[in-house]
Amino acid sequence: MKQDKGKKPYEKRPYIASECKYLPDAERWRQDVIKEIIRDVTQIQNESLGEYRIRELNDNINKRLREKTHWERRIAELGGRRYHEMSQKVIDDEGLEAPGSRGYKYFGAAKKLPGVKDLFFQKPSETAKRNRYELYSSVDADYYGFRDEDDGVLLKVEAAATLELERQAKRRCLQKERENQDKEEQEEGGEGEEAAYSSEEEEEAEFVAHVVLPSTEELEESLLQRKKEELLKKYLEDVEEDEDE
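Here is the structure:
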């Protein structure tokens with residue numbers, strides 16, 4: 001059979017678009033791909049084809065769409081029209097892209113396949129993980145305990161604890177003074193050997209005693225703080241018991 005003059009023999013479309021060296025050939029291969037896409041999109045509208053055939057057609061359409069993009073980029077590289085920058089997306093708009101499908105689209109009857117329809121109507125997770133900003137934005141003064149005194153309960157407890165500690169400290173001071181007086185009286189009525197210490201030795205002994213033993217104010221402050229902690233601990237335990245009940 002003779003070939004018509006001026007007509008190229010049939011050529012197989014290159015598997016890789018970059019192998020094409022001539023702009024007219026690239027334009028022709030792009031048109032061939034578009035024809036195949038239109039053919040498959042027309043067929044996939046028929047819901048009676050069966051699930052297997054519909055999925056096969058949908059995969060082919062997505063594959064041809066990617067191939068069309070490669071040819072359009074190659075045409076631009078060869079100095080032709082920049083199709084990939086234009087708004088010619090008539091075929092693409094026929095398909096629906098499911099969330100997280102990374103560009104994979106569903107056409108015609110494929111949109112109604114089992115499990116596919118649910119992809120387009122997924123409800124957002126109610127327990128979505130919050131980011132660091134959302135976590136910190138919910139932290140206020142209550143989180144750090146700055147408003148614990150607003151209800152007045154803690155202030156009353158602290159006032160009662162402070163008063164009780166002050167009373168105990170005063171009783172200890174009076175008892176300490178009486179013990180010191182009794183000790184001085186015993187020392188004055190003792191034997192002469194006990195009174196033979198020089199004034200210099202007494203000053204040194206008194207200085208050493210002051211260095212080793214804490215002052216009365218320090219003792220009072222320590223006792224006051226410890227009593228506060230005990231009362232606060234008891235108060236918090238009572239509150240937790242009430243909440244549990």
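The sequence shown finishes on residue 245 if you use UniProt numbering, and the numbering steps up by one all the way, no holes.
Beta carbons are placed, not taken as given, at the ideal position from N, Cα and C, and that holds for glycine.
These numbers were taken from a predicted model, which means no experiment stands behind them.
Compare the C-alpha of serine 222 against each of Ala169, Asp182, Leu231, Glu177 and name the closest. Closest by alpha carbon: Ala169.
Identify, in the order they occur along the chain, each residue of the same chain with its Cβ nearer than 7 Å to the Cβ of cysteine 20, setting aside the five sequence neighbours on each side. Same-chain partners within the cutoff: Pro14, Ala26, Trp29, Arg74.
Is the beta carbon of arginine 64 less than 7 Å from the beta carbon of valine 41? Taking 7 Å as the cut-off, the beta carbon of arginine 64 is found no closer than this to the beta carbon of valine 41.
Tell me whether isoleucine 61 is buried or exposed, calling it buried when 16 or more other Cβ atoms sit within 10 Å of its Cβ. Buried is the call here.
Lysine 227 - DSSP class collapsed to helix/strand/coil: In the structure shown, lysine 227 sits in a helix (DSSP, three-state: H, G or I).
Sequence-distant residues of the same chain with beta carbon closer than 8 Å to lysine 2, five excluded per side: Its pLDDT being 47, under 50, lysine 2 is placed unreliably by the model, and the measurement read from it follows with that caveat. Answer for lysine 2: no residue qualifies.
What does the Cβ neighbour count give for asparagine 180, buried or exposed, with the cut at 16 atoms within 10 Å? Exposed, because fewer than 16 other Cβ atoms sit within 10 Å of the Cβ of asparagine 180.
Beta-carbon spacing of alanine 17, histidine 70 below 7 Å: Inclusion of alanine 17 and histidine 70 in the CB contact set at 7 Å is warranted, their separation being smaller than that value.
Which residues in the same chain have their Cβ closer than 7 Å to the Cβ of isoleucine 54, if we skip the five residues on either side of it in sequence? Cβ within range, chain order: Ile44, Ala109, Ala110, Leu113.
Relative to the C-alpha of leucine 57, which residue among Ser215, Leu78, Gly79, Tyr104 is closest? Looking at the Cα atoms, Tyr104 is the closest of the given residues.
Would DSSP call asparagine 180 helix, strand or coil? Looking at asparagine 180 - three-state DSSP - the assignment turns out to be helix.
Can you round the beta-carbon distance between alanine 161 and lysine 227 to whole angstroms, since I take them to be within the 8 Å contact cut? About 6 Å separates the beta carbon of alanine 161 from that of lysine 227, a gap short enough to meet the 8 Å contact definition.
Quick one: what's got a C-beta closer than 6 Å to leucine 224's C-beta in the same chain, skipping five residues either side? Contacts found: Leu165.
Same chain only: Cβ atoms within 7 Å of glutamate 72, ignoring 5 sequence neighbours per side: If you ignore the 5 residues before and after glutamate 72, its C-beta comes within less than 7 Å of the C-beta of Arg30, Tyr83, His84, all in its own chain and listed in chain order.
Backbone secondary structure at asparagine 131 - three-state DSSP: Note: asparagine 131 maps to coil in three-state DSSP.
CA nearest to the CA of phenylalanine 107, picked from Asn46, Arg172, Ala76, Pro24: Among Asn46, Arg172, Ala76, Pro24, the Cα nearest to that of phenylalanine 107 belongs to Asn46.
Could you give the first and the last residue of the continuous alpha helix (DSSP H) run that contains alanine 76? Start and end: 51-77.
Out of Leu135, Leu231, Cys173, which one is the CA nearest neighbour of glutamate 158? Residue Leu231 is the option with its Cα nearest to glutamate 158.
Applying the 10 Å Cβ sphere with the 16-neighbour rule, what's the burial state of lysine 12? Residue environment analysis places lysine 12 among the exposed positions, since fewer than 16 neighbouring C-beta atoms fall within 10 angstroms of its C-beta.
Counting only the same chain and skipping the five closest in sequence on each side, list residues whose C-beta sits under 6 Å from that of lysine 68. Only Val33 meet the Cβ criterion.
Need the endpoints of the alpha helix (DSSP H) that aspartate 32 sits in, please. From DSSP, the alpha helix (DSSP H) with aspartate 32 extends over 23-43.
Pick helix, strand or coil for glutamate 218, following the three-state DSSP scheme. If DSSP states are grouped into helix, strand and coil, glutamate 218 belongs with the helices.
Among Arg102, Gly79, Glu237, which residue has its Cα nearest to the Cα of arginine 66? The shortest C-alpha to C-alpha distance from arginine 66 to any of Arg102, Gly79, Glu237 is the one to Arg102.
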